[in-house]
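Chains as they are written, first to last, in our numbering: chain A, 1 to 324; chain B, 1 to 265. Please read the structure below before turning to the comments.
What follows is the structure, encoded as structure tokens:
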């Protein structure tokens, strides 16, 4: 029984082995990556806490002065400040996620990097990580927009057909064709969505690893790496999703238990019910935060493993002769 | 590649064998494929059963005698056959295909006994009967993830492990140019081929096998990089004139093989 290290990491991995090695690395490095994941999630929490604090402050001021407009100026100013803070926090959070990516890549290539060096590298690029995420968001938004336009066009056609009496007339054949068409469109849309997700799956990984990268370049780079390998990336995503499904389900349904309990027990007491609901939703927020902290490193590692494999496959990464 | 659990087994003949365990990813993928196939089989069975049962019941009715218990019997047999199909699929394939199911064959993994021998009916049956327990709340997945030998409960009961099939060398043949063949003949005179280790040869072979699937830019860069490294490794001052870096690598590949052949005889 031995954990062996083979000297030749030069062959591309199979889909299953990408996932397995990701999980193995996750197990091995869990303790190292957990604090980083905690920081990544923590940074995201900061603007939310700020928003709550601002709301409370404004409410207190309004209550004290008895004037509805009293806290307005402060509120607007505070809100702008929080938006700025939020952008910064998101950038910091993304940089922390990217730190896990960078460290994991070092492990996969057998050239581990010191955490401080890696942190310096990703921190210098935090705005690019933000820009990458913004671009991905824009792409997603654009695609969703075009898609919903197409759907509304189709449904307009459909309702015109109904109004025109084409469908209401007893013609079951036409009806079946319509239904079939809708089914095909649905399947095509799902496939297209999966395809897009696969091509953007690790879009910020190149930015975390390669020199001289910018936000858009990173997306383009991952896009070209996934060319011809979309199904592979998609399968890796699907298997990882399936394996993490049990934790996912627990997180989904566990908070509902106390909520349900609270609702049953305190049915007759509205005040206590309000407090109980607040507590139980706090619990559910805490649980989902904990879940994100635990799962974040795994997905970062899986993304990195996909990137590593794509580069091995497409560019012969790791194929090198020893120095003389 | 160091992120795989490996296990060495002692066979009854006291031979030490080393295997790479299948890993959670490959096992999940295999299961996904198997369940998809099984689902199709069971759906087809339901369809057939439905048609047959309706036909049977209506023909019984036309006879006119009292067959009121027939539907109950049909349901009982139906449940029994479902159970048989569900388990039969895994037992049948794992026994007949020496520890493989269609899914496992696809992802190149195999069930073997703890001592490396292939599984029999008993092991396959135990694994299959315990499968529902392993599937329940993904208990099996947890066992595989955290156990050193990646055994789910079915594996513990049956005394089996799941391993990766050894990579067979059925790779595509390497296309070698004429230019490289001529150069290979001259190489022993102009380069110190003894400097080349088996590991270096493995890298060159791997490159030559995979170059066609690389992107063209990466292909060019990798080729130049390897040629440069090889030149310094073989203590050559320049690469031979009128040869591309790919041809040079091919020539070294051929020359090394020929060197090995000569040593053998």
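Every residue, glycine too, gets a C-beta built ideally from N, C-alpha and C.
Exposure of residue i, with buried meaning 16 or more beta-carbon neighbours within 10 Å
i, result
"residue 125/A", "buried"
"residue 204/A", "buried"
"residue 160/B", "buried"
"residue 41/A", "buried"
"residue 190/A", "exposed"
"residue 35/B", "exposed"
"residue 31/A", "exposed"
"residue 300/A", "buried"
"residue 66/A", "exposed"
"residue 137/B", "exposed"
"residue 178/B", "exposed"
"residue 222/B", "buried"
"residue 237/B", "exposed"
"residue 11/A", "buried"
DSSP three-state assignment for residue i, whether helix, strand or coil
i, result
"residue 4/B", "coil"
"residue 114/A", "coil"
"residue 112/B", "strand"
"residue 190/B", "helix"
"residue 301/A", "helix"
"residue 14/A", "coil"
"residue 128/A", "helix"
"residue 184/A", "helix"
"residue 138/B", "helix"
"residue 7/A", "Bear in mind that the predicted position of residue 7/A carries a pLDDT of just 39, short of 50, making it unreliable; the figure below should be weighed with that in mind. Residue 7/A: coil per DSSP, three-state reduction."
"residue 174/B", "coil"
"residue 109/A", "coil"
"residue 10/B", "strand"
"residue 164/B", "strand"
"residue 290/A", "helix"
"residue 17/B", "strand"
"residue 62/B", "helix"
"residue 69/B", "coil"
Selected residue, minimal CA-CA separation from residue i, among the options
i, options, result
"residue 130/A", "218/A, 73/A and 185/A", "218/A"
"residue 74/A", "56/A, 85/A and 303/A", "56/A"
"residue 302/A", "198/A, 281/A and 82/A", "198/A"
"residue 216/B", "100/A, 315/A, 102/A and 26/A", "315/A"
"residue 41/B", "89/B, 15/B and 68/B", "89/B"
"residue 155/A", "138/A, 143/A, 179/A and 140/A", "179/A"
"residue 257/B", "99/B, 9/B, 21/B and 202/B", "202/B"
"residue 176/B", "220/B, 193/B, 255/B and 192/B", "255/B"
"residue 123/A", "147/A, 93/A and 112/A", "93/A"
"residue 114/B", "181/B, 105/B, 194/B and 7/B", "7/B"
"residue 260/B", "65/B, 233/B and 188/B", "188/B"
"residue 261/A", "247/A, 84/A, 277/A and 82/A", "277/A"
"residue 182/B", "103/B, 135/B, 148/B and 250/B", "250/B"
"residue 208/B", "195/B, 192/B, 180/B and 129/B", "180/B"
Beta carbon proximity, residue i to chain A, threshold 9 angstroms
i, result
"residue 207/B", "yes"
"residue 3/B", "yes"
"residue 222/B", "yes"
"residue 25/B", "yes"
"residue 257/B", "no"
"residue 229/B", "yes"
"residue 254/B", "no"
"residue 98/B", "no"
"residue 78/B", "no"
Sub-9 angstroms separation of residue i and residue j beta-carbons
i, j, result
"residue 225/A", "residue 120/A", "no"
"residue 293/A", "residue 37/A", "yes"
"residue 78/B", "residue 49/B", "yes"
"residue 30/B", "residue 101/B", "yes"
"residue 34/A", "residue 304/A", "no"
"residue 23/B", "residue 21/A", "yes"
"residue 131/B", "residue 111/B", "no"
"residue 297/A", "residue 100/A", "yes"
"residue 26/B", "residue 164/B", "yes"
"residue 78/A", "residue 44/A", "no"
"residue 222/A", "residue 211/A", "no"
"residue 119/B", "residue 94/B", "yes"
Interface flag, residue i vs chain B, CB-CB below 9 angstroms
i, result
"residue 123/A", "no"
"residue 19/A", "yes"
"residue 22/A", "yes"
"residue 320/A", "yes"
"residue 297/A", "no"
"residue 3/A", "A caution first: residue 3/A carries a pLDDT of 39, below 50, which makes its placement in the model unreliable, though a value can still be read off. Yes, contact with chain B."
"residue 108/A", "yes"
"residue 292/A", "no"
"residue 288/A", "no"
Residue i beta carbon near the ligand ADP (any heavy atom closer than 8 angstroms)
i, result
"residue 294/A", "With respect to the ligand ADP, the structure offers nothing, as it holds no ligand at all."
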